Amino acid sequence: MAESKAILELQTKAPDELTSEEKIVRIGQLAERASICVACGLSRTRSHVVFGEGNPNAPLMLIGEGPGQNEDSTGRPFVGRSGVLLDECLKENGITRKHVYLANVIRCRACVMENGRLQNRPPTPEETKACAPWLDQTIQLVQPRVILCLGAPSAASIIHKGFKMTQERGQWFESRYARYAMAAWHPAYILRLQGEAYEAARRDLVNDIANARLKVISAKKEPKMTLF
78 MAESKAILEL QTKAPDELTS EEKIVRIGQL AERASICVAC GLSRTRSHVV FGEGNPNAPL
138 MLIGEGPGQN EDSTGRPFVG RSGVLLDECL KENGITRKHV YLANVIRCRA CVMENGRLQN
198 RPPTPEETKA CAPWLDQTIQ LVQPRVILCL GAPSAASIIH KGFKMTQERG QWFESRYARY
258 AMAAWHPAYI LRLQGEAYEA ARRDLVNDIA NARLKVISAK KEPKMTLF
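Quick note on this note's numbering: the sequence shown kicks off at 78 and runs consecutively.
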């Protein structure tokens, strides 16, 4: 009876009333529910739901488009070569995964069979909409002060539709999810570049993370936004 009462109290607490331990429990409960989600067809081809990971009290949240093959295999966001590059760029700013929260707009790999192999594809609007409640609830629990969108699809979901990376990357916007949101190149995109283009895009990502870090510091003096 006492345990049931404690669970009920935890579920009815507002996010800003939760302790770090309680946030971890709530996020874990959310991830467990997401692991059996069948709201769209991606549930039929996934190996794992890639829910997200990191510091539940992180003032900075990084959000990509969706998991790829490596993420689908491991159940963790931003692994493989993209994850290595992201970790390097974070490290150059004195940041590790313990300081941030990592997630994606969709939790399951969007893929299509081509030449006998599953290949990544952009998620459909219907798939993105079906997954939106998981993203909404995650952000509501973490309550980041700053969101860094990795790639145009993430920026289109978080900042505004029709987001243009070449024109709007590195600019600050107010989002319903956080008072400060900005877009940066996705590590997977950077890895497709070569030579000077690669070096320039990598430098952009390092600088955008630095900008986000500074914004976190200044935003600590302001009250947090609430999603709902």
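Glycine included, C-beta positions come from ideal geometry on N, C-alpha and C.
Here the structure is a predicted model, which is why all the values come from computation and not from measurement.
Taking the alpha carbon of residue i as the point to measure from, which residue in the options has its own alpha carbon closest?
{"i": "Ile-101", "options": "Glu-130, Ala-111, Ser-120 and Ser-231", "result": "Glu-130"}
{"i": "Ala-187", "options": "Glu-165, Arg-121 and Ile-236", "result": "Arg-121"}
{"i": "Tyr-257", "options": "Pro-264, Asn-288 and Arg-280", "result": "Asn-288"}
{"i": "Gly-157", "options": "Arg-280, Gln-271 and Pro-264", "result": "Pro-264"}
{"i": "Pro-202", "options": "Thr-96, Gly-118 and Ala-296", "result": "Gly-118"}
{"i": "Arg-184", "options": "Ile-236, Phe-155, Asn-170 and Ile-267", "result": "Phe-155"}
{"i": "Lys-168", "options": "Val-283, Asn-181, Glu-98 and Phe-240", "result": "Val-283"}
{"i": "Lys-206", "options": "Glu-109, Ala-116 and Ser-112", "result": "Ala-116"}
{"i": "Arg-194", "options": "His-176, Leu-163 and Gln-146", "result": "Gln-146"}
{"i": "Leu-95", "options": "Ser-112, Val-219, Tyr-266 and Ile-267", "result": "Val-219"}
{"i": "Trp-248", "options": "Gln-271, Ile-216 and Asp-281", "result": "It should be pointed out that residue 248 corresponds to Gln in this sequence rather than to Trp. Of Gln-271, Ile-216 and Asp-281, the residue nearest in Cα terms is Asp-281."}
{"i": "Gly-103", "options": "Arg-174, Glu-165, Asp-149 and Gln-214", "result": "According to the sequence displayed, residue 103 carries Arg and not Gly. Out of Arg-174, Glu-165, Asp-149 and Gln-214, Gln-214 has the C-alpha closest to the C-alpha of Arg-103."}
Check the DSSP bridge columns for residue i and list the partner residues they point to.
{"i": "Val-189", "result": "Gln-196"}
{"i": "Val-223", "result": "Leu-137 and Tyr-257"}
{"i": "Ala-180", "result": "Ile-140"}
{"i": "Glu-130", "result": "Leu-179"}
{"i": "Phe-56", "result": "A query on residue 56 cannot be resolved here, the shown segment of the chain reaching from 78 to 305 and no further."}
{"i": "Phe-250", "result": "Ala-258"}
With residue i and residue j assumed to form a contact (beta carbons below 8 Å), what rounded beta-carbon distance in angstroms separates them?
{"i": "Ala-260", "j": "Arg-246", "result": "5 Å"}
{"i": "Lys-298", "j": "Arg-222", "result": "That belief does not hold up - the Cβ atoms of Lys-298 and Arg-222 are roughly 10 Å apart, past 8 Å."}
{"i": "Asn-181", "j": "Val-127", "result": "7 Å"}
Only counting the same chain, and skipping five residues up and downstream in sequence, which positions put a Cβ closer than 6 Å to that of residue i?
{"i": "Asn-170", "result": "Ile-286, Ala-287 and Arg-290"}
{"i": "Lys-82", "result": "Low confidence applies here, because Lys-82 scores a pLDDT of 41, under 50, leaving its location unreliable; read the following figure in that light. Correct list: empty, nothing qualifies."}
Starting from the C-beta of residue i, find all residues in its chain whose C-beta is less than 7 Å away, skip the five residues before and the five after it, and write them out in chain order.
{"i": "Val-293", "result": "Pro-136, Leu-137, Arg-222 and Val-223"}
{"i": "Leu-179", "result": "Gly-129, Glu-130, Gly-131, Leu-139, Pro-154 and Phe-155"}
{"i": "Ala-111", "result": "Val-126, Phe-128, Arg-184 and Trp-211"}
Return the chain-ordered list of same chain residues with a C-beta closer than 8 Å to the C-beta of residue i, the five sequence neighbours on each side being excluded.
{"i": "Met-242", "result": "Gly-228, Ala-229, Ala-232, Ala-260 and Trp-262"}
{"i": "Gly-239", "result": "Ala-233"}
Next on the checklist: Quick test of the definition: if touching needs 3 or more C-beta pairs under 8 Å, does the region 130–148 touch the region 224–243?
Outcome noted: Cβ pair count under 8 Å is three or more, so yes.
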